[in-house]
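The block underneath contains the structure these notes are about, expressed in structure tokens.
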Amino acid sequence: KYELKQFHSHWGKCSTCGSEHVVDGKPYAAELHFVHWNSAKYSSFGDAAKMDDGLTVVGVFVEVGNEHPGLKKLTDLMSKTQYKGEEVAIPDGFDASTLFPSDQSRYWTYPGSLTTPPCYESVTWILFKDPIQVSEAQLDAFRSLHSHPRNTAPPNDELKGVIMDNFRPPLELNDRVVKASFR
Numbered sequence: 001k002y003e004l005k006q007f008h009s010h011w012g013k014c015s016t017c018g019s020e021h022v023v024d025g026k027p028y029a030a031e032l033h034f035v036h037w038n039s040a041k042y043s044s045f046g047d048a049a050k051m052d053d054g055l056t057v058v059g060v061f062v063e064v065g066n067e068h069p070g071l072k073k074l075t076d077l078m079s080k081t082q083y084k085g086e087e088v089a090i091p092d093g094f095d096a097s098t099l100f101p102s103d104q105s106r107y108w109t110y111p112g113s114l115t116t117p118p119c120y121e122s123v124t125w126i127l128f129k130d131p132i133q134v135s136e137a138q139l140d141a142f143r144s145l146h147s148h149p150r151n152t153a154p155p156n157d158e159l160k161g162v163i164m165d166n167f168r169p170p171l172e173l174n175d176r177v178v179k180a181s182f183r
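Read in order, the letters of the sequence shown correspond to residues 1 to 183 in full-length UniProt numbering.
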């Protein structure tokens with residue numbers, strides 16, 4: 001039994017990059033990650049994250065197109081949570097699976113790692129083949145988020161604390177075997 005611990009997003013400054021995985025060398029505008037942990041075998045997320053069968057991350061590619069109604073429920077809230085430390089309640093009944101593509105039978109899977117430190121090799125990745133479409137305005141809502149608290153000086157960097165390009169470049173597969181559920 002795997003339980004959803006959290007989900008997060010990676011995106012770029014523009015809509016031609018932002019995903020942490022690529023397909024035939026092509027990046028997507030963004031990538032959503034739904035992080036699950038093996039609660040049947042481990043007593044905590046922290047314990048599971050250190051074990052090779054501890055985590056499963058479901059990845060969803062994002063491309064620019066029509067507005068996504070499921071994501072709209074979240075992007076509409078982002079104007080209230082643009083700065084670090086600000087919180088807003090997600091509406092009751094929000095179903096994270098509305099952010100999955102309609103065809104969930106086509107995916108790739110491989111054993112890998114977390115994409116952020118400590119980068120444990122504890123993840124079974126499942127990446128849906130079909131991307132979801134979101135509007136440019138929805139991506140801009142992500143690009144309006146800041147890494148510092150409101151009413152504090154922004155970091156002295158080129159982006160002034162705006163979160164952009166928060167993705168890790170793709171790594172070599174090395175000896176990993178990627179399997180597909182489709183031909």
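C-beta atoms are modelled at their ideal positions from N, C-alpha and C, and glycine is treated no differently.
Give every residue of the same chain whose Cβ lies closer than 7 Å to the Cβ of residue i, excluding the five residues on either side of it in the sequence, and list them in chain order.
{"i": "Glu99", "result": "At residue 99 the sequence reads Leu, which differs from the Glu that was named. Only Leu32, Val60, Gly70, Leu71, Ile132 meet the Cβ criterion."}
{"i": "Cys14", "result": "none"}
{"i": "Glu63", "result": "Tyr28, Ala29, Pro131, Gln133"}
Considering just the uninterrupted stretch of the beta strand (DSSP E) at residue i, what are its terminal residues?
{"i": "Gln6", "result": "2-11"}
{"i": "Pro111", "result": "107-112"}
{"i": "Val178", "result": "Val178 -> no beta strand (DSSP E), and no H or E assigned at all."}
{"i": "Leu127", "result": "123-128"}
Please return the same chain residues whose Cβ sits closer than 6 Å to the Cβ of residue i, not counting the five positions on each side in sequence.
{"i": "Arg168", "result": "Glu20, Thr115"}
{"i": "Lys160", "result": "Pro154"}
{"i": "Val58", "result": "Phe34, Ile126"}
{"i": "Gly65", "result": "Gln133"}
Start and end of the alpha helix (DSSP H) containing residue i?
{"i": "Leu139", "result": "136-143"}
Please report the Cβ distance between residue i and residue j, rounded to the nearest whole angstrom; I am assuming they are in contact, meaning their Cβ atoms lie under 8 Å.
{"i": "Gln82", "j": "Ser144", "result": "6 Å"}
{"i": "Gly85", "j": "Pro149", "result": "5 Å"}
{"i": "Phe94", "j": "Lys73", "result": "6 Å"}
{"i": "Tyr110", "j": "Lys50", "result": "Their Cβ separation, rounded to whole angstroms, is 19 Å, which puts Tyr110 and Lys50 out of contact at 8 Å."}
Mind checking whether residue i and residue j have CB atoms under 7 Å apart?
{"i": "Leu55", "j": "Val162", "result": "no"}
{"i": "Phe142", "j": "Trp11", "result": "yes"}
{"i": "Val178", "j": "Trp108", "result": "yes"}
{"i": "Trp37", "j": "Lys1", "result": "no"}
{"i": "Ser181", "j": "Arg106", "result": "yes"}
{"i": "Phe7", "j": "Ala96", "result": "yes"}
Kindly list the residues whose CB is nearer than 8 Å to the CB of residue i, restricted to its own chain and excluding five residues on each side of it in sequence; keep chain order.
{"i": "Ala48", "result": "Trp37, Asn38, Ser39, Lys41, Tyr42, Gly54, Leu55, Ser122"}
{"i": "Pro91", "result": "Lys73"}
Exercise for review: Only counting runs of 3 or more residues, tell me where the beta strand (DSSP E) segments fall wholly within the segment 39-99, in order along the chain.
Suggested key: Fully enclosed beta strand (DSSP E) runs of no fewer than 3 residues occupy 55-64 of the segment 39-99, in order along the chain.
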